[in-house]
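Worksheet: the structure to be examined is printed underneath.
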Amino acid sequence: MAGITSYGAYIPFYRLGKDTAGWGRPIEKPVVNFDEDSITMAVAAGMDCISGGDREVVDSLIFATTTSPYIEKQGAAMVAAVVDLRRDIATNDATNSLRAGTQALRSAVDAVKAGSAKQVMVTAADCRTGTPGTEFDQTSGDGAGALLIGNEGVIAEVIDSYSVSDEVLDNWRAEGDSTVRTWEDRFVLQTGYLSVMPEAIQGLLKKVNLDIKDIDKAVLYGPNPRRHAEMARQLGLDAGQVQDPLFGQMGNTGAAYSLMQLIAALEEAKPGQKILVASYGDGADAILLETTDQITNFNGKRGIKGNLEKKRIRKSVGVRGATVKGLEGGPPSASARWRARESIDRLHGAKCLSCGLIQYPPQRICSRCHTKDQWQTVRLSNKPGKIFTFSLDYLVGGVDSPLAITIINFEGGGRGMFTMTDREVEDVQCEKPVEMTFRKLRSSGGVHNYFWKAMPQRF
Amino acid sequence: MQSIKDRVAIVGMGCSKFGERWDMGTEDLLVESTSEAFEDAGVKSEDIQAAWLGTQNQMSGQILAHAIKTEYIPITRIENFCATGTNAMMDACFAVAAGIYDLVLVAGVEKLKDSGVGFLTGGGGQPSAQTAPGVPPPAQFALAANRYFYQYGLSYEEGKQMLAKIDVKNHYNGSLNPKAHFQRAITEEQAINAPMQAFPLGLYDCCGVSDGSAAAIITRPEIAKTMRDDYILVKGLGLGVGAQQGSLRDYYDFTHFDEAVYSSRMAYEQAGVKNPREEIDVCEVHDCFSITEAITMEDVGFSPRGTVKNDIDNGFFELSGDGPKVNTDGGLKCFGHPIGASGVRMIYEVYKQLQGKADRRQVKNVRLGMTHNLGGQPGSFTGAISIWGTRD
Chain A
9 MAGITSYGAY
19 IPFYRLGKDT
29 AGWGRPIEKP
39 VVNFDEDSIT
49 MAVAAGMDCI
59 SGGDREVVDS
69 LIFATTTSPY
79 IEKQGAAMVA
89 AVVDLRRDIA
99 TNDATNSLRA
109 GTQALRSAVD
119 AVKAGSAKQV
129 MVTAADCRTG
139 TPGTEFDQTS
149 GDGAGALLIG
159 NEGVIAEVID
169 SYSVSDEVLD
179 NWRAEGDSTV
189 RTWEDRFVLQ
199 TGYLSVMPEA
209 IQGLLKKVNL
219 DIKDIDKAVL
229 YGPNPRRHAE
239 MARQLGLDAG
249 QVQDPLFGQM
259 GNTGAAYSLM
269 QLIAALEEAK
279 PGQKILVASY
289 GDGADAILLE
299 TTDQITNFNG
309 KRGIKGNLEK
319 KRIRKSVGVR
329 GATVKGLEGG
339 PPSASARWRA
349 RESIDRLHGA
359 KCLSCGLIQY
369 PPQRICSRCH
379 TKDQWQTVRL
389 SNKPGKIFTF
399 SLDYLVGGVD
409 SPLAITIINF
419 EGGGRGMFTM
429 TDREVEDVQC
439 EKPVEMTFRK
449 LRSSGGVHNY
459 FWKAMPQRF
Chain B
66 MQSIKDRVAI
76 VGMGCSKFGE
86 RWDMGTEDLL
96 VESTSEAFED
106 AGVKSEDIQA
116 AWLGTQNQMS
126 GQILAHAIKT
136 EYIPITRIEN
146 FCATGTNAMM
156 DACFAVAAGI
166 YDLVLVAGVE
176 KLKDSGVGFL
186 TGGGGQPSAQ
196 TAPGVPPPAQ
206 FALAANRYFY
216 QYGLSYEEGK
226 QMLAKIDVKN
236 HYNGSLNPKA
246 HFQRAITEEQ
256 AINAPMQAFP
266 LGLYDCCGVS
276 DGSAAAIITR
286 PEIAKTMRDD
296 YILVKGLGLG
306 VGAQQGSLRD
316 YYDFTHFDEA
326 VYSSRMAYEQ
336 AGVKNPREEI
346 DVCEVHDCFS
356 ITEAITMEDV
366 GFSPRGTVKN
376 DIDNGFFELS
386 GDGPKVNTDG
396 GLKCFGHPIG
406 ASGVRMIYEV
416 YKQLQGKADR
426 RQVKNVRLGM
436 THNLGGQPGS
446 FTGAISIWGT
456 RD
């Protein structure tokens, strides 16, 4: 039995809402902070997905997105490293299509069924940009979902799937373009979404010999609330059968959207329910899942529900892509960064086997007892911490002024200096609890440089 | 291990005007300070057998030779963050005490105001992963200030007032000093209400970023006696280099600086100082930020832990106070802080105080003077101390 064994999600802490200057709409929209992108969100969702689980059994990671920060350089390799997975695994990027998320899910299921992987982590993240003020701007949102696919401890079995590949110019973004373009709305919907997605759904239902009435929950991709509702009507679904598409709270999160809706459906699902997932983009995917008894005992994830609840409303529309100016420096030395990759990407500290002191970054010789090369790796990225001391710097300036610099003491030991993000000034005080979050420090010289930051304890 | 006490004498010193010396380059500043030192000692540059240069931004000791035109003598460049100048003096003292050279020039210099920004940008250094937070110095020391306030239960207002009193004292002392970068007295209100640089440190809690140079001529006491009557003698030299203990040990408290504790202990032992609060007459400390001066008073044993606020409130360290007179020349705060020059500049003030030549800021009956530097940031410093006394 191959299926979903775990899930996780990430939705940015800060939302645009009715009190946000420059937005002012009654709907909420999660938007990446200046230091977030698809990689950082995929990491956060992946961390949620694997929390409490065993990283050792994950044999593969797929990163699905239409907004990978690099054209040539894999995102999955970085996500896998930062989530702290094994080194001898397969990694893949699924990109360039809104269907990347469901395509990744299909590939993962195939790999598990074929026995080439025990567990595959599927991460999907997007932060697409539309022209401000357009419908796209209002209906889209930023976020990430992650699924673990395996054949032990399955909470939702993947029964079957059906895909249609379709070549049409409906939505696209060429290299160098920052915003998504679309052809005329009526053409796009009639010949694309409203005809191709039903084709895939009907194909699947026929393949598994089911009627649409047999579906307990239908997770439907939709470009906006109106077309989503039209799709549900066209398919003959009752309102109770349709998963809330979360417009106005989460929005269309691109390649991650179908998987994030599926996670939301799983959060409410009971054992033995049939869930249909349908996504659209250069064709359509339809996937049928059935929940197992295991889903009853599955909990402890931040998930969609938790992420939607734990939010703050932005005071003003932020500046996407802006970075902290001033002393933040240029691109990294690739070799220097590579040498320190375990401490930078995986946030590994080291515990002295002789005296027990946890030190970050790892040293050759223990700071306290001076023992040489006797260490045990300690992952600090998932440890809660407290602000030991801090400063709020007004000199460096830039988008995140005052820059919050903190000394973080981790629960269980270890200390490091980190900047703090997703914070208000009043969050930055001695002994306040924090959690760690992987962020983009800056883009410079064609290099996106990432590192961990502290943020107010969100969960 | 031997003590350096009384084995080296300073027979001449010079100090350039500190400040925004737009018309002066590094070499000009060196000429200004060394000329005064040569004249003060009654020697010429040809008499110098070796030289030590403390500088952070100049990569080589050659700049000193370029400036004053020495002819193929040994010149060593020393760099040790903000303890650079003191470290240069220290190593020169060792060479003289060892009898290798009889007459040595020590100079410190920094030209900071060509960088285009109003604060320290730090050295370029090695190519790096560029992931460590870029933390300007005020923010580094604000880490200590905020924890100090928290640990000792000081409200923002109480802590800020304590720091403001340090700012006011050093500005007053600077106003008595024509060579200081800033020569204007300020009020407590001005200090408290000044623009925030790194919470809780405001503009007046931060030292000047300045150009400047200072120089000394040193020799052994038996030679010094033949040169002048009012030479001064080294009593103790301490240098304590941190190994990132504070960054790596999660139990470090950020409210004291061990590097200063250890280096002062070293120097006190050599100098035979048992009770620094009573025995030290003047002390130039590394007040890069007001909080640094406050914590230093506790680190070097002038005030018991957590009690410096009482001493500050009582004016203990002021020119008119009952304790060691601290930063009589205005300190880094007002005299300015050209990194490599600062340690030597501090010794210049102690030298003048011991000779009774400190003009309007002269302290009475000065017998023992001390200097203190901290280079680096809370978590890992280079701590340097020098103690000097009058001849018997």
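Protein chains in written order, with my numbering: chain A, 9 to 467; chain B, 66 to 457. Where a beta carbon is used, it is the ideal one built from N, C-alpha and C, also for glycine. These figures come from a predicted structure and were not determined experimentally.
query, result
"Give me the subset of the region 193 to 214 of chain B whose CB atoms are less than 7 Å from a CB atom of chain A, sorted by chain position.", "Ser193, Ala194, Gln195, Thr196, Pro198, Gly199, Val200, Pro201, Pro203, Ala204, Ala207, Leu208, Asn211 and Arg212"
"Under 7 Å between beta-carbons, which chain B residues line up against Gln367(A)? List them in chain order, please.", "Leu313"
"Leaving aside the five residues before and after Arg235(A) along the sequence, list all residues of the same chain whose C-beta is less than 7 Å from its C-beta, in chain order.", "Leu197 and Tyr201"
"Can you give me the Cβ contacts of Gly307(B) inside the same chain, cut-off strictly under 8 Å, excluding the 5 residues immediately before and after it?", "Asp323, Glu324, Gly441, Gly444, Ser445, Phe446, Thr447 and Gly448"
"Taking the C-alpha atoms as reference points, what is the distance between Glu358(B) and Asp378(B)?", "14 Å"
"By Cβ distance below 7 Å, which residues in the same chain neighbour Asn315(A) in space, the five residues on each side in sequence not counted?", "Ala17, Tyr18 and Ile19"
"State buried or exposed for Trp346(A), treating a residue as buried only when at least 16 other CB atoms are found within 10 Å of its CB.", "exposed"
"Out of Thr141(B), Arg314(B) and Ala280(B), state which residue places its alpha-carbon closest to the alpha-carbon of Gly173(B).", "Ala280(B)"
"Going along chain A, which residues have a C-beta under 7 Å from Met261(B)?", "Tyr402"
"What does the Cβ neighbour count give for Ser312(B), buried or exposed, with the cut at 16 atoms within 10 Å?", "buried"
"How many Å lie between Pro392(A) and Met444(A) at the Cα?", "7 Å"
"DSSP on Ser343(A), reduced to helix/strand/coil?", "helix"
"For the candidate residues Ala273(A), Asp27(A), Cys438(A) and Met205(A), whose alpha-carbon lies nearest to that of Tyr217(B)?", "Cys438(A)"
"Compile a chain-ordered list of the residues in the region 355 to 366 of chain A whose CB is closer than 9 Å to at least one CB of chain B.", "Leu365 and Ile366"
"Starting from Gly421(A), follow the beta strand (DSSP E) in both directions and report where the run begins and ends.", "Gly421(A) -> no beta strand (DSSP E), and no H or E assigned at all."
"Could you tell me whether the Cβ of Phe322(B) comes closer than 8 Å to any Cβ of chain A?", "no"
"Check Gly329(A) in the structure and name its three-state DSSP category.", "Unreliable positioning characterises Gly329(A) in this predicted model, as indicated by a pLDDT of 47, which lies under 50. A coordinate reading is not provided."
"Quick one, are the C-beta atoms of Tyr324(A) and Ala29(A) less than 8 Å apart?", "Here the sequence assigns Ser to residue 324(A), which means Tyr is not the residue at that position. In this structure, Ala29(A) lies closer than 8 Å to Ser324(A) by Cβ."
"Counting C-beta neighbours from all protein chains within 10 Å, is the total for Gly183(B) 16 or more, i.e. buried, or is it exposed?", "exposed"
"Taking CB distances under 8 Å as the criterion, tell me whether Gln382(A) reaches chain B.", "no"
"Is the closest heavy atom of the ligand ZN to the C-beta of Ser220(B) under 7 Å?", "The ligand content of the structure shown is nil, which means the ligand ZN is not present either."
"Using only the alpha-carbon positions, how far apart do Ala462(A) and Ser328(B) sit?", "35 Å"
"Could I get the ranges of all uninterrupted alpha helix (DSSP H) runs contained in the region 81 to 116 of chain B, with 4 residues as the minimum, in chain order?", "91 to 106"
"In the DSSP assignment, the alpha helix (DSSP H) including Asp118(A) goes from what residue to what residue?", "Ala108 to Ala122"
"Rounding to the nearest angstrom, what Cα-Cα distance links Val153(A) and Val40(A) in this structure?", "The amino acid occupying residue 153(A) in the given sequence is Gly; Val does not appear at that position. For Gly153(A) and Val40(A), the distance between alpha carbons rounds to 14 Å."
"Rounded to the nearest angstrom, what separates Ser220(B) and Phe214(B) at their Cα positions?", "7 Å"
"In three-state DSSP terms, what is Val373(B)?", "helix"
"Would you mind working out which of Arg425(B), Pro369(B), Gly199(B) and Pro192(B) sits nearest Asn242(B), comparing C-alpha positions?", "Arg425(B)"
"So with Cβ pairs under 8 Å, would you call Pro410(A) a contact of chain B?", "yes"
"Could you give the distance in angstroms between the alpha-carbon of Ser451(A) and the alpha-carbon of Gly421(B)?", "58 Å"
"Could you say which of Cys147(B), Leu129(B) and Tyr237(B) lies nearest to Ile140(B) if we only look at CA atoms?", "Leu129(B)"
"Across which residues does DSSP place Phe354(B) in a beta bridge pair?", "Cys271(B)"
"Hey, does Phe319(B) have any beta-carbon neighbour from chain A nearer than 8 Å?", "yes"
"Residues of chain A with CB closer than 9 Å to the CB of Phe264(B), please, in chain order.", "Phe398, Ser399, Leu400, Asp401, Tyr402, Pro410, Val433 and Val436"
"To which residues does DSSP link Asn211(B) through a beta bridge?", "None, per the DSSP bridge assignment."
"Can you tell which of Glu275(A), Leu388(A) and Leu24(A) has the C-alpha that lies nearest to the C-alpha of Lys225(A)?", "Glu275(A)"
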